[in-house]
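Asks: If you're matching them up, the sequences are chains A, P, S and L in order. Here the first sequence is numbered in the working numbering, starting from 11 and rising by one per residue. Here the second sequence is numbered in the working numbering, starting from 293 and rising by one per residue. Here the third sequence is numbered in the working numbering, starting from 856 and rising by one per residue. Here the fourth sequence is numbered in the working numbering, starting from 436 and rising by one per residue. Where is the CB? At the ideal position from N, CA and C, for every residue including glycine. Source: prediction; values computed, not measured. If you scroll down you'll find the structure; I have some questions about it.
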Amino acid sequence: MMTFNGHRRRRAAAAVTALAVGSLLAACGSTTSNASGSGSGSSSSSSSVPGITSNTITIGATEPITGKAATAGQGLEAGIKIATQYINAHGGVNGKKINAIILDDGFIQSREIANIRQLVSQDHVYAIVDPAGSQGIAGTWDFMKQAGTPMWGPISPSDPKLPNVYLLVASRTAQQEVAIDYFAKQGLTRIAAIGEDDDLGLSLKDALAQQVPKHPGMKVVANETLPVSTSDVSAAVLAVKNANPQALIISTNNTSVGLILKEMGNLGLHIPAYADQGAANTGGVGAVGPAGSAANGFLGGLQVDLPTSNTQAVQTWRAQAQQYSGPQGLSAFSLQTYMQEMAFVEVLKRMGSDYSWSNFQKTANGLASNPITLGALPPIACGPLPDGHTCGNQSEIAKFDATTQTWSVIQGFTAPQS
Amino acid sequence: MLQYIINGLQSGSWYSLLAVSIVIVMKASDVPNFAVANMGLVGAFLAYSFVSAHLPFGVAVVLGLLGAALFGVIIDRAVIQRLGDKGHFPLLLMTIGISLSLAAALELIWGTNSLSLNAPWSNKTVHLAGQIINWDGIVTIATGLVIAIAITWFFHTTAGVRMRAVAENRSAARLVGVRISRVSGLAWGIGTAVAALAMILQTESSVLSYTAGDALLVPAFVAATAAGFTSPVGAYVAGLVIGVLENLTGGYISTALQSVVALVVVVLILLLRPSGFTRTALARREV
Amino acid sequence: MPPHDLLPDGNRRGRRWAKLASLIVLITLLAVVPPAMNSYDQYLITLTLVYAITTLGLNVLIGWTGQLSLAHAGVFGLGAYLSTILIQHGWGFVPSLLVAGLGSAIVGGLVVFPALRFSGFTLAVASLAFASVIVQLFDNGGSVTGGGGGLAVPVFQFSGLSQTMSTYYVTLISTVLCFVVAHRMRHLRFGRVAFSIRDTEIAAVVSGIRVVRYKVFVFAFAAFLGAIGGALYAQLETFIFPVMFSTNTLVLMLVMLFLGGASSLYGPIFGAIFAVVMVELLQSFGSYQDLLYGLLLMLVIGVLPGGMASLPERLRTSHLLGRAVRGVASRFGRGRQDEATAASPVPPTATGSSLVDDPGDGVESGVA
Amino acid sequence: MAESPAKGTGDVGGSIAWDDVSVAFGSNQVLDGVSLSFSSGFNGLIGPNGAGKTTCFNVASGFVAPSSGQVRLNGTDVRGLSAVKRSRAGLARTFQTPRLVLEMTVLENVLVGTERQHRAGHVREVLSFPRARREARELADMSMDLLRRFGLEGAAGQRAGSLSLGSQKLVEVARALATQSTVLLLDEPAAGLSASDTSAMVDGLHQLVEGTSLCVVIVEHDLQLIMSLCSSVAVLDFGRIISQGTPEMILQDKAVVDAYLGAGFATGD
């Protein structure tokens, strides 16, 4: 059951009408109509848990369905919709159907923050499931903590170590650490890095600082930072080339990854290059598409199995996803949110009939002793804080073949070396 | 060092061409065209579509440029001239509005995925003095130079002289029988085609997406400003200077600072030498 | 005392009272109603007020004084970062707000140096570069600014109120104070001087107005308002990072300013309401929302150059709705003055004006 | 009711003088060794188009730097003073095309000229201190009085943009008078004015200047106005002063008649 938020439009229309009156009082007009619009919603359930009725469970997410990250956002949206459809078609959770409200944030950080507020305090969702947009999401930690609403499986921020936030898959930093370990195993010691000047670059800096010292003889020979949304990567790649490295780790948006690969090809710099799942867009065309033949041999991280994999879990998903009419249904992003929502439903099932916040916490924190294994994702084994809310930090590494345009896994789910 | 300079001249040529486009439009219709990059992208996307329809690259580019020029004329007729002499602010804001609408329209038509606009020389390199040089760099730098010369020559033809007359004094130009609307249309047509060339060259060497213009706009405007918004040659040189400064900064200081250092240097030059890189600038600005 | 009060007009005093009364009702409603709303609506109203304060600063600079300075998004960010860093070092929120405002006023005032040398677009581009330098400072500020990764904002809270409501009340008080001061300034000597500098700088000079001094003050004051807005914005968003203060934010501010009505006192309020409501309204349009936003912007510039603040005057002078609106307007006691000024189009500005009237002299030169 | 604005400036007569002033723009010699001096009362500066009259004003106001020579304002050399400082030293002027803020009221435009008279600061004004209020009222009264002299009191509350060009010129003269300067330069105040506006201007100026020490210099093509109003007239031609003296002397001067007036004027046409 999908609903698009009806009274958002109504409220906005009311506000615009008030505005058209043209007096200063318009400001007041819009605020009072807001109050009446939302009041009815909040009064419905005073004692019970928000988002839970006798026959529905409402969850919410904000995704970049339009804008610069639309490809990813549409895939993430598709996974949630496919999972919801599947669950509801199979009787729902303990007899309740899932109602998923998905808002578009256009990859604008302040919109993500506003959307989360709307979902929690106006739409009264039970939990935020699989939201994307790492920097904007970080802006909601404080609010979410105060509201006491669970946030399940946000897409790749670092662990805020908050009681209500559960990270299901390996963070960017963890994926990059796995890659550093992989290079060490291959005997490559001269590592270069190119990061973007935001949280992406920051995660790479963390990974280098933590993991490189663990491998004797390994050192970082070049560490370049690209301005956000630049289209000119040549100076950075040239600086990397001049440092004569044996491997490169990239943490930028996937257009820049593509440009870097292309520039490496132009300059004849043929060394293994790695980017995490978000940046390599494993299973999509974002980075490897523009790079063309230069993407051959490119290594990508995987938080979730390849969408082309033939495991039972992925096949089940693929059968559902092929029915899905929207865009990006068969992408890796779709598989990821599908699996994460399945895991969330598994937690709900284990909670029985008590949907209280304390029972959610207890059940989720107890997963360490009885992990959820769905296939496609590494086992989800949450535990108590401080470290238990990174529920699975294993990742795979896949290699791209430019002639067949396919990825193949070269190292299965592995955790960073401790 | 040489490699950084060549890369700098390449990205500098993109800025230069956009700056030249800004100057042309500014001269004839007194509008700071903040939509220049996205209007240029229209030409680049058209060229992409023609290439996808299996037209030869050269033909596709020419058609793309013609399409862009036509689009520029339409924007001038449909929007800019209607605003008339309402002053700089509304026109500036109008070009921002055009830019926003265009970005959205391009996203709707061609999607959000990055596309590849491949020229015959894409991904080909040549060894020169021990350096590996990309063909697209050579083509971009050469094209920029040719356009700069062509535009300078153009301003000495009859049409160009008319355009300069309009720039000097609109009412006087009208008195001596210059049809300002025609001159304005011509400038928007040529200006948009030059911008399209810049965006074709830029997206050919990187990727084509509806956000490709964002990173070029500020350097291009700084270059146009450095030329006092009047001199195409000044704008061309300033664009190259910014590009080279960026790459040298990126190579020898920090890639994180490369965009800002170039800006600061140009602004400092402006502060110390308000006439910018050209002499005529002073006279024009203080009118 | 506003000069128009000196004019003989029997109705004026009555109108002023009506105006004051409706203002008090409005502020009371704004103080009383939001606690009953959900936190999302509280957030939206607070955001509207934050935008209004910030855009007011831009209005003083561009709309009133005609200085096309585009450093405002940077200054907005400066307020956000300064106050956040001060709070992290143990300062109270309100002192940090004021110090952030004053500190940014000093930094923002630096833009006056290019402004004294350049006018029009050269100033625009120079100030834009200045803003990007500020944002680069956030980016490269190491642990102080958190670099590109951003900074978590320690949110202040009145006891007994939620965080959002605490921020809301501080924002409401700031908004009222800023607009009351701006209202006084607009209708007194400062407003006359600012408009003179904007429209006829040379006439201002020969009237003995110390233009340089005023410009320094205007840049600093605009930066102060922008920074207050930024500091409140940081409290509202609870997490700040450099990209939040990029040119996209500047474009939003310009849109709010011109759609609301540049040079009109209340334009920024209309612009802010518009910006917040518009995003809400266009949510469901998916990919078409940016297109609609851009086209709407173009439409408004084309047909309503005075912005929304000029709408009542437009309607009043138009034949169809004229009578009805006139009735409503007189009942609510909106003074003639505001609409008269608001109705006039956006200032024609920029490149300094020609001094020499006698074409025979053949000289054109700017004010030194 | 406030007193006539010029009376507050003391008994020292206003005066302005150009000493051997030359101005060249490129190869174009606009002023060539101009020496002129005017004192209290009405003075005229006439000459054909392009003779350099406005440039004389621009040099005096500090907008154009002379290549040689100096300007003395009330006996003091003002070289090196900025335009604002010259204005604050007692020099006011108008422009050929009126430069008003069209969206402000007529009264507000005149009040712009009172900038120098403000004693209370902006902060006190914003906080509505009694002294600031009193001052604002006094200055508004004085400005209203000026408008009344030009027959514009009824238009005080109107937007300046709604006025005719002629009325706008009157407002600009009122604004210049509101500065309470000692020297007033009027650049073609009557050009484009209707007969009734012109007489309003002349009457107003008469009322306000008679009995004061104000020095008014008028550039004007309306010779009837110049000759009837001014006690001293100078004639500029091709950047040089070709004659200076009383109106009667000027009318007799053969060089002036040849260069500018034409034969018909001297015969009383």
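Apply the 10 Å Cβ neighbour rule to residue 346 of chain P and answer buried if 16 or more other Cβ atoms are within range, or exposed otherwise.
Replies: So residue 346 of chain P counts as exposed.
Asks: Where are the beta strand (DSSP E) runs, 3 residues long or more, that stay fully inside the segment 226 to 295 of chain A, in chain order?
Replies: Segments of the beta strand (DSSP E) lying fully in the segment 226 to 295 of chain A: 229 to 236, 257 to 261 and 283 to 285.
Asks: In the segment 379 to 411 of chain P, which residues sit with their C-beta less than 9 Å from some C-beta in chain S, listed in chain order?
Replies: Result list: 379, 380, 381, 382, 383, 384, 385, 386, 388, 389, 390, 391, 392, 393, 394, 395, 396, 397, 399, 400 and 404.
Asks: I believe residue 439 of chain P touches residue 486 of chain P by the beta-carbon criterion, under 8 Å. Please report the beta-carbon distance rounded to the nearest angstrom.
Replies: Between residue 486 of chain P and residue 439 of chain P the Cβ distance is about 6 Å, and since that is below 8 Å, they are a contact.
Asks: With 16 as the cutoff for other CB atoms within 10 Å, does residue 509 of chain L come out buried or exposed?
Replies: Classification of residue 509 of chain L: buried, given that the 10 Å Cβ count is 16 or more.
Asks: Which chain P residues sit within Cβ distance under 7 Å of residue 1148 of chain S?
Replies: Those are 392, listed as they occur along chain P.
Asks: With a threshold of 6 Å (Cβ to nearest heavy atom), would residue 393 of chain P be considered close to the ligand ATP?
Replies: Ligands in the displayed structure: none, and consequently the ligand ATP is not present.
Asks: Grab the span of the alpha helix (DSSP H) containing residue 550 of chain P for me, first residue to last.
Replies: Looking at the DSSP string, the run of the alpha helix (DSSP H) that includes residue 550 of chain P is 550 to 564.
Asks: Quick one: what does DSSP say residue 1094 of chain S is sitting in, helix, strand or coil?
Replies: Looking at residue 1094 of chain S - three-state DSSP - the assignment turns out to be strand.
Asks: Could you tell me which chain L residues have their CB closer than 9 Å to the CB of residue 1028 of chain S, listed as they occur along the chain?
Replies: What residue 1028 of chain S touches in chain L: nothing, since even the nearest Cβ is about 18 Å away.
Asks: I'd like to know if residue 522 of chain L contacts chain S, where contact means its C-beta is closer than 7 Å to some C-beta of that chain.
Replies: Yes - at least one Cβ of chain S is within 7 Å of the one on residue 522 of chain L.
Asks: Of all Cβ atoms in chain S, is any one closer than 7 Å to the Cβ of residue 511 of chain P?
Replies: No, no contact with chain S.
Asks: What are the start and end residues of the alpha helix (DSSP H) that includes residue 447 of chain P?
Replies: Segment: none, residue 447 of chain P is in no alpha helix (DSSP H) and carries neither H nor E.
Asks: Determine whether the beta carbon atoms of residue 257 of chain A and residue 308 of chain A lie at a separation below 7 Å.
Replies: No, Cβ-Cβ distance for residue 257 of chain A and residue 308 of chain A is not below 7 Å.
Asks: At which residue ranges does the segment 524 to 612 of chain L contain complete beta strand (DSSP E) runs of 3 or more residues, listed in the order of the chain?
Replies: Correct list: 526 to 528.
Asks: Considering only residues of the same chain and omitting the five flanking positions on each side of residue 249 of chain A, which have a CB-CB separation below 8 Å?
Replies: Only 232 and 234 meet the Cβ criterion.
Asks: Closer than 9 Å by beta-carbon distance: list the chain S residues that pair up with residue 374 of chain P, in chain order.
Replies: Residues of chain S passing the Cβ test: 1157.
Asks: Compute the Euclidean distance between the alpha carbons of residue 224 of chain A and residue 214 of chain A, then round it to the nearest angstrom.
Replies: So the alpha carbons of these two residues sit roughly 16 Å apart.
Asks: Check each residue of the segment 305 to 335 of chain P: if its Cβ is closer than 7 Å to any Cβ of chain S, include it; give the result in chain order.
Replies: Residues passing the 7 Å Cβ filter: 324.
Asks: Taking the alpha helix (DSSP H) that residue 369 of chain P falls in, what are its first and last residues?
Replies: Looking at the DSSP string, residue 369 of chain P is not in any alpha helix (DSSP H), and its letter there is neither H nor E.
Asks: Report the three-state DSSP secondary structure of residue 464 of chain L (helix, strand or coil).
Replies: Three-state result, residue 464 of chain L: strand.
Asks: Give, in chain order, every residue of the segment 918 to 943 of chain S whose Cβ lies closer than 9 Å to some Cβ of chain A.
Replies: Listed in sequence order: no entries.
Asks: Counting pairs of beta carbons, one from the segment 476 to 485 of chain P and one from the segment 323 to 333 of chain P, are three or more of them closer than 8 Å?
Replies: Short answer: they touch.
Asks: Can you pull the chain S neighbours of residue 456 of chain L, defined as C-beta to C-beta under 8 Å?
Replies: Simply none; closest approach about 14 Å.
Asks: Short check: CB of residue 314 of chain A to CB of residue 387 of chain A, under 7 Å?
Replies: Going by C-beta atoms, residue 314 of chain A is nearer than 7 Å to residue 387 of chain A.
Asks: Against chain S, does residue 525 of chain P count as a neighbour if the rule is that its beta carbon must be under 7 Å from one of theirs?
Replies: It does not: the Cβ of residue 525 of chain P has no partner Cβ on chain S nearer than 7 Å.
Asks: Could you compute how far the alpha carbon of residue 307 of chain P sits from the alpha carbon of residue 453 of chain L?
Replies: Straight-line Cα distance between these residues: approximately 51 Å.
Asks: Counting C-beta neighbours from all protein chains within 10 Å, is the total for residue 141 of chain A 16 or more, i.e. buried, or is it exposed?
Replies: Residue 141 of chain A should be labelled buried.
Asks: Decide if residue 413 of chain A is buried, meaning its Cβ has at least 16 other Cβ atoms within 10 Å, or exposed.
Replies: Result: exposed.
Asks: Please report how far the alpha carbon of residue 477 of chain L lies from the alpha carbon of residue 653 of chain L, in whole angstroms.
Replies: Their Cα atoms are separated by approximately 7 Å.
Asks: Which same chain residues end up closer than 8 Å to residue 178 of chain A when comparing Cβ atoms and leaving out the 5 residues on each side of it in sequence?
Replies: Excluding residues within five positions, the ones whose Cβ falls inside 8 Å are 162, 163, 350, 353, 387, 390, 401 and 402.
Asks: Taking just the CA atoms, how far does residue 376 of chain A sit from residue 180 of chain A?
Replies: So the two alpha carbons sit approximately 19 Å from each other.
Asks: For residue 1054 of chain S and chain P, any beta-carbon pair shorter than 7 Å?
Replies: Not an interface residue.
Asks: Using DSSP with H/G/I as helix, E/B as strand and the rest coil, what is residue 413 of chain P?
Replies: Coil, per DSSP.
Asks: Express the C-alpha separation of residue 581 of chain L and residue 1111 of chain S in angstroms, rounding to a whole number.
Replies: Looking at the two C-alpha atoms, the distance is approximately 41 Å.
Asks: For residue 636 of chain L, which residues in chain S fall below 8 Å Cβ to Cβ?
Replies: Result: empty, since nearest Cβ-Cβ is about 18 Å, beyond 8 Å.
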